[in-house]
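Under UniProt numbering, the residue at position 132 of the sequence shown is numbered 132, and the numbers go up by one with no gaps.
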Amino acid sequence: MAQAEFERNSRQGGFDSASYRAPEPGGEARELTPLQQKLAALEKALPKALRTRAAALLLAVVLLAAGAVGIGGAKLAARSREAASWYTAGVPADNGYTLSDELNERANTAANVITTALNTPGLGAESGAVQAAQVALDGFTACQEAVAAGGAGMSEMYRADEALDSAINLLYGQMQELAADPLDMGAVGQQYGRFNSAGTVLGSLHYNEAVLDYQKDTGGPWASVLKGLFGIKEVEVFG
Numbered sequence: 001m002a003q004a005e006f007e008r009n010s011r012q013g014g015f016d017s018a019s020y021r022a023p024e025p026g027g028e029a030r031e032l033t034p035l036q037q038k039l040a041a042l043e044k045a046l047p048k049a050l051r052t053r054a055a056a057l058l059l060a061v062v063l064l065a066a067g068a069v070g071i072g073g074a075k076l077a078a079r080s081r082e083a084a085s086w087y088t089a090g091v092p093a094d095n096g097y098t099l100s101d102e103l104n105e106r107a108n109t110a111a112n113v114i115t116t117a118l119n120t121p122g123l124g125a126e127s128g129a130v131q132a133a134q135v136a137l138d139g140f141t142a143c144q145e146a147v148a149a150g151g152a153g154m155s156e157m158y159r160a161d162e163a164l165d166s167a168i169n170l171l172y173g174q175m176q177e178l179a180a181d182p183l184d185m186g187a188v189g190q191q192y193g194r195f196n197s198a199g200t201v202l203g204s205l206h207y208n209e210a211v212l213d214y215q216k217d218t219g220g221p222w223a224s225v226l227k228g229l230f231g232i233k234e235v236e237v238f239g
């Protein structure tokens with residue numbers, strides 16, 4: 001359909017820029033699609049004499065790109081949404097374990113360890129280890145929120161997890177030094193065990209393999225053009 005429209009407009013002297021250009025003052029306002037907005041912005045930057053021909057050429061490139069990679073913008077967007085969902089839904093190979101669930105487990109158990117440390121004689125709120133652990137946890141949860149909102153990537157989340165891991169290990173080590181029996185830490189020992197267990201699961205998930213396969217299937221210059229035009233964000237590995 002798009003090809004037919006392009007051919008018809010080409011015979012009339014180029015792509016019908018009115019199909020995406022903002023209306024003249026006083027005209028009826030119409031909402032532009034993201035692709036139309038990009039085309040309009042690109043055309044606006046050109047000399048007036050070249051605008052119609054350039055817009056037609058750009059549309060032709062987009063159509064050729066879709067045909068060259070065998071995947072249209074809508075299909076590419078659907079693949080991207082599926083890959084992005086793996087963060088919370090998991091990949092089939094992980095049998096229900098998900099990246100977001102294990103990160104939540106790390107955050108919750110780390111908070112419990114810190115709470116216990118705050119009430120441990122010899123540590124408390126003035127302890128440098130307690131303060132460092134709280135800073136790491138605050139950064140970790142802030143990064144989780146940013147990832148959920150689409151404002152941070154998996155690499156930032158990975159570094160935040162590493163920082164939290166180091167801080168909690170240091171804090172728990174100090175708690176053991178102050179304990180009557182460092183091998184029997186009671187409830188806080190269980191929380192620390194769950195914290196480390198979630199970290200082990202994170203390291204064994206097949207999330208990264210699935211993302212790398214997705215990147216390979218949707219890579220290449222033409223797919224990159226389509227991703228840019230349709231505003232598709234790249235899905236990153238956790239690392």
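C-beta atoms are modelled at their ideal positions from N, C-alpha and C, and glycine is treated no differently.
Model, not experiment: these values are computed from the prediction.
If the five residues before and after Gly139 are omitted, its C-beta is found closer than 6 Å to the C-beta atoms of Ala160, all from its own chain and listed in chain order. Inter-residue distance for Ala187 and Tyr158 is about 27 Å (C-alpha atoms, whole angstroms). As the crow flies, the alpha-carbon of Ala148 is around 34 Å from that of Thr120.
For the pair Val211 and Glu177, the CB atoms are not nearer than the 8 Å cut-off. Contact check for Thr98 and Thr109: beta-carbon distance about 16 Å, past the 8 Å limit, so the pair fails to qualify. In the DSSP annotation of this structure, Val237 is not part of any alpha helix (DSSP H), being labelled neither H nor E. Taking a C-beta distance under 8 Å as the contact criterion, Gln174 and Leu123 qualify as a contact pair. Contact between Leu164 and Ala136 holds, since their C-beta atoms are separated by about 5 Å, short of 8 Å.
Taken atom to atom, the span from the alpha-carbon of Asn95 to that of Glu126 is near 43 Å. Within the same chain, Cβ atoms closer than 6 Å to the Cβ of Glu102 are found at Ala198, Val201, Leu202, the five residues on either side in sequence being excluded. The alpha carbon of Phe238 has as its nearest neighbour, out of Trp86, Arg81, Gly219, Glu105, the alpha carbon of Trp86.
Annotation for Val211: the continuous alpha helix (DSSP H) segment containing it runs 207–217. The C-beta of Leu171 has 16 or more other C-beta atoms within 10 Å across all chains shown, which makes the residue buried. Here Arg194 is not near Glu82, since their CB atoms are 8 Å or more apart. The beta carbon of Ala132 is closer than 8 Å to those of Ala167, Leu170, Leu171 in its chain, skipping five residues each way along the sequence. The three-state reading of DSSP puts Pro121 in coil, since its state is none of H, G, I, E or B.
Following the DSSP letters along the chain, one finds Glu177 inside the alpha helix (DSSP H) bounded by residues 154–178.
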